[in-house]
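The first sequence begins at 234 in the working numbering and counts up one residue at a time.
Let me begin by presenting the structure, written as structure tokens, before commenting on it.
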Amino acid sequence: MFPAITLYSESMDSGQATYNYRYDANLAEEIELKWQARWEQAGTYHAPNPSGSLADSTGRIDLPKLFIMDMFPYPSGTGLHVGHPLGFIGTDVYARFKRMSGYNVLHTMGYDAFGLPAEEHARQTGQHPRENTDANINNMRKQLKRLGLGHDPRRSISTTDLDYYKWTQWIFLQLFNSWYDSELNQARPIKELETKLENGSITLKENISWAACSDQRKKEIINSFRLAYLAEAPVNWCPALGTVLANEEVTVDGRSERGNHPVYRRPLKQWMMRITAYADRLLEDLESLDWTEAIKSMQRNWIGKSEGAVINFTAEDSTVPVFTTRPDTIFGATYLVLAPEHPLVDSLYQTDWPEDVDSRWTGGYKNPPSAIEAYRIQSNQKSDLDRQENKDKTGVFLGSYAKVPVTGEEIPIFISDYVLMGYGTGAIMAVPGQDERDWEFAEVFGLDIIRTVQPPTDWDGKAYVGDGPAINSDFLDGLPIKEAKRAIIQWLEDNSGGRRQTSYKLRDWLFSRQRYWGEPFPIVYDKDGLPNAVPEEVLPVELPELIDWAPRSLDENSDPEPPLGRAEGWTTTTLDLGNGPQEYIRELNTMPQWAGSCWYYLRYLDPLNSEEFVSEDIEKYWMSGETGGVDLYVGGVEHAVLHLLYSRFWHKVLFDLGYVTTPEPFQRLFNQGYIQAAAYQDERGMYVEAVDVSKVEKKFFYQEKEVQRSFGKMGKSLKNSVTPDEMYEEYGADTLRLYEMFMGPLDQDRPWETKSVIGSQRLIQRVWRNLVNEETGELTITDSEPEESLNRLLHQTIDSVSNDMNNLRFNTAIARITELNNEITKLESPTPRSIAEPLVLLLAPLTPHIAEELWEKLGYENSVVYARFPTPDKKLLIEDEAEIPIQVNGKVKSKIKIDSNATDETLREVALADEKIKSLLALNEPKKVIVVSGKLVNIVI
RNA sequence: GCCCGGGUGGCGGAAUCGGCAGACGCGGGGGAUUCAAAAUCCCUUUCCCUUCGGGGAGUGCGGGUUCAAGUCCCGCCCCGGGCACCA
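If you want it as structure tokens, here you go:
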């Protein structure tokens, strides 16, 4: 009836050992919970600040500092799977290693909790986003705590905390109250602009006189300079989500990244961030950062700087500026192309076609106006996806001609959707000889093609984009591209035909969202409809409680409708902005999710400060460094552009205004890989639960039917999630940590294999068994000294593990520890204390719980967290006897053991005297003998 | 098309400086222990051939440099990611 008990007593009777203290999942859990509770109680991971409420008397503040950070997560409702914490474990191991190496380490974790998913969830469940968000955060905190991550819990923030978003709003106000002084090349307070306008040291464009402007006009002009400004701009309107989206949030095929809904372009008045003012600095400062080349090149690509010229073509009574990176090819310009929506089109077209018009140019319409109208409709309806897939050149002739500045020649003007309004000037000079797209268009429309760069003699292609001497180009003839560019730009500038110009792909950052669950803007509108900053004392502008917070799902033609507009009693407020209490209308949009993640690393430093977003000396302490900023920032590659670019931008603004001391926020960036897992599809292509799939021979079966295996990111949609909880249940947190670190290098994607986790548990189990009696739980170590060979191995292990940990190569660090432990396992006698103690210390960063437990058993009262990581005895790193391979013609044929200090000459002699080598050489004299000191001998015959 | 990564046993990976390819782990095979099994411990495990001494091949493919190449050079192929009519 009670088989478990019966069996137990049976084994007792038969005198079998009972391993009550074997390291298994139960014991692991007992140990892990015990230490997690102790750490929390003792505040083990509290990192002291130099001042303020987080200062302490541990003395750690005098150590060199290290700021280690993870990209903070969105607290999702579905909980974690084993793929999520990979990076968190990596930073934790590194942070622990550095703590043990004598650093004051700041490591904590926050939550990026505003954003769409909480609202989507709220819409589905009727639960307020805040409740749902808080519940998710609590759940995630619990899950992460169970992993034994050494975070300073006092510094954990959520972007949705009132105390936090108050300062997000405050930073917004700094942007609102600043402008970019291009002479100083930095952001300055807007007051300085006013002074400069007053005293005339800055003059306005188009000869507008500042003095003659009305107060209202002055305000408008000032507003147009702000780093946060309102602009009527074409936006990405997503009716299904009920919000506009940033360019970065729209996929290449014109759909929302979240939800894959259609997105439409339409003009709307929106908050913008003048990130373009920082384009050059964002580009140049990449050089100094310790980031991967891949991320840097993605940022460079996104900023998209290209140098060239704007050339003015004249047509009718207008000037058509075109941007080109190849002004040297101007003599080959045979037509102009404008984007279909280019504003100049309306003043350039003729009412009738010229008499001899080419029928290909008219689109079959009877006159230019009708052709243009039809073409605009056609290209408007084309989705971006169509544009991409179907690159056939289309367009229509405007009926008019433009004059090429340098030749005076008349060339036809077209509109075509291969020219984009959003880049350069929205107009190009087409040079088919040197541009593949122009060549295609010229072929379709029968336009002239003039080569202006001599292609190589064996060139049989079409447009030639390589270098070569200029031809057919008058005074440029014979010059290589670079010099020809310089010469023509000089000519253009001398003859008012154009000027040097740099163009960027980077656009200003659209900052408004028509959403509830985001930071409200600290902005109110006066009766003239102009925006005003809410005074700092009044911050935070708190989100109103709303019953109906869901965005309306709307159709293509409707206007975005911010949910905050429904907050009765909130949409207006009475403030005194210097001219007595007045009623103002609040800004109803909210900030995008990126806002909160732009500066959270600064709040970690000084989370309880109610006077400032971060205090000066604390910021200086934690952010200083060789080039400054967070010392190690680990996260996924998916934030390569958006978050990392926005954050760098805000940081530079704060730097310009003197609030932070470093020009960059993140000195070293490391991208962790993803954990993938096998996923299985049945014959309909549906994913089936991966846990229920079994392998027979080399095939996979689910409910007796064969299924196909593939690999993908772990998650709900592929039905291949494995949760940390399952791993705790079966192995414990230390094993999970160890396995995740052992699977491969941190920056690499790797497939999860639950069956392999056992290997990591075995390591801990063997270490435990080497130090502790499994029946009694007593220490089994001895105070006698180890064999010299074991001692050598220990010190070699310490040396390589230290190196590996410094370089985040935890997988090889674990391999070295395993080797050491395998040797200990082979000992006939108990483990010497002088080996056991460093072994525990080597493991402590990786498996902190078991290390604490063993450290305590070894008789230490203080936590292993602050024990010193062992350092190798240099003398023991050098073997006195080395095994030297001897090669014949580059292949290993023999090995000799020899004093490691042996001279090259001795090495050579001993190698040649080796029996095996002698027999291989027979009577031949070796042609050559190469001796690599202390490493190898190669004999050439 | 352009720009980044990457390709090593059955699997994850190691070899980061041009110097013993396959560390370490999973899986497999064999043995010890056990009534038996699990667990544990030991041996073995790149492939092919072998008279069991050993011999040969081998890091995506084809060339090259070198005494020596996974590593460097040239030309390809494949996989993953990013960008893409950006003038």
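Built from N, CA and C at the ideal position, the CB exists for glycine as well.
Assuming residue i contacts residue j under a Cβ cut-off of 8 Å, what Cβ separation, rounded to an integer in Å, is found between them?
i, j, result
"E425", "A966", "Contact doesn't hold; Cβ gap of about 55 Å is too wide."
"T823", "Y749", "7 Å"
"I1129", "I1111", "Actually they are not in contact, since the Cβ atoms of I1129 and I1111 sit about 18 Å apart, beyond 8 Å."
"T341", "L865", "Actually they do not touch by this definition, with Cβ atoms about 13 Å apart."
"S391", "G343", "6 Å"
"I1150", "S1127", "6 Å"
"N1006", "Y254", "7 Å"
Among the residues of its own chain, which have a CB less than 7 Å from the CB of residue i, if the five just before and after it don't count?
i, result
"T987", "V955"
"Q898", "With the sequence shown as reference, residue 898 is identified as Pro, and Gln is not the correct amino acid for it. Within the same chain, P898 has close Cβ partners Y834, G862, V863, S880, R881, H884."
"A800", "P777, L779"
"I1047", "L971, M974, F975, L1079"
"Q747", "G475, T476, V477, P784, P793, E794, P795, N822"
"S242", "Annotation note: pLDDT 33 at S242 (below 50); position unreliable, coordinate value reported separately. Excluding residues within five positions, none has a Cβ falling inside 7 Å."
Does the Cβ of residue i have 16 or more other Cβ atoms within 10 Å, making it buried, or fewer, making it exposed?
i, result
"T484", "exposed"
"P773", "buried"
"M1038", "buried"
"Y1099", "exposed"
"E962", "exposed"
"P796", "buried"
"A717", "buried"
"V847", "buried"
"S244", "Caution applies to S244, whose pLDDT of 34 falls short of 50 and renders its modelled position unreliable; the value that the coordinates give is listed next. With fewer than 16 Cβ atoms within 10 Å of its Cβ, S244 is classed as exposed."
"S649", "buried"
"Y252", "exposed"
"N813", "First, the amino acid is wrong: residue 813 is Gly here, not Asn. By the neighbour-count rule (16 or more Cβ atoms within 10 Å), G813 is not buried but exposed."
"R942", "exposed"
Apart from the five residues just before and just after residue i, which ones in its own chain have a Cβ nearer than 8 Å to its Cβ?
i, result
"G730", "I544, N545, P638, V639, W724"
"T1030", "R1049, I1050, E1052, L1053, L1075"
"W535", "K738, L739, V874, L878"
"R732", "A542, V543, I722, L725, E726"
"Q376", "G312, L313, P957, D958"
"K1160", "V1173, I1174"
Give every residue of the same chain whose Cβ lies closer than 6 Å to the Cβ of residue i, excluding the five residues on either side of it in the sequence, and list them in chain order.
i, result
"Q249", "Model confidence at Q249 stands at a pLDDT of 49, short of 50, so the residue's coordinates are unreliable; what they give is reported in the following sentence. For Q249, where only same-chain residues beyond five positions count, there are no Cβ hits under 6 Å."
"F235", "In this prediction, F235 has a pLDDT of 33, which is less than 50 and means its spatial position is unreliable; what the coordinates show is noted afterwards. Taken in chain order, the list of residues that qualify is empty."
"S521", "T860"
"A1077", "A1084, V1097"
"C471", "L478, S489, H494, V496"
"E526", "none"
"P1081", "G381"
Shortest alpha-carbon distance to residue i belongs to which of the options?
i, options, result
"I1014", "L1072, F944, L1041", "L1072"
"T509", "V652, L743, D579, F564", "L743"
"D1113", "S1035, E1021, E1094, P1078", "E1021"
"D889", "E263, Y413, M304", "Y413"
"M947", "D982, E937, Y964, G433", "D982"
"S551", "I528, S530, V578", "V578"
"E1158", "S857, I1172, S1017", "I1172"
"P825", "S927, V477, K928", "V477"
"K1107", "S736, P1063, L1027, G1123", "L1027"
"V924", "A910, K932, E916", "A910"
"G945", "Y913, R917, Y964", "Y913"
"T1136", "I370, Q994, A1115", "A1115"
"P554", "I646, F678, L463, G762", "I646"
"D513", "P576, Y582, S434, N418", "N418"
"S736", "R499, G657, Q994", "G657"
"A420", "P896, D759, W524", "P896"
"L989", "L653, L969, L631, W1001", "Note on residue identity: the sequence assigns Ser, not Leu, to residue 989. The residue with the shortest Cα to Cα distance from S989 is L969."
At a cut-off of 7 Å, would you count residue i as near the ligand PLP, judging by its Cβ distance to the nearest heavy atom?
i, result
"A328", "The model depicted lacks the ligand PLP and carries no ligand whatsoever."
Touch test, the region 1068-1079 against the region 341-358, Cβ-Cβ under 8 Å, three pairs minimum: At 8 Å Cβ cutoff, the stretches do not touch.
Contact between the region 329-344 and the region 354-365 (3+ Cβ pairs under 8 Å): Segments in contact, no.
Three or more C-beta pairs below 8 Å linking the region 406-422 and the region 754-773: When C-beta atoms of the region 406-422 are compared with those of the region 754-773, three or more pairs fall below 8 Å, so the two segments count as touching.
contact_flag[the region 658-671, the region 565-578] where n(CB pairs < 8 Å) is 3 or more: Touching, yes, given that three or more Cβ pairs across the two stretches are closer than 8 Å.
Inter-stretch contact at 8 Å, needing at least 3 Cβ pairs: the region 664-672 / the region 680-691: Short answer: they touch.
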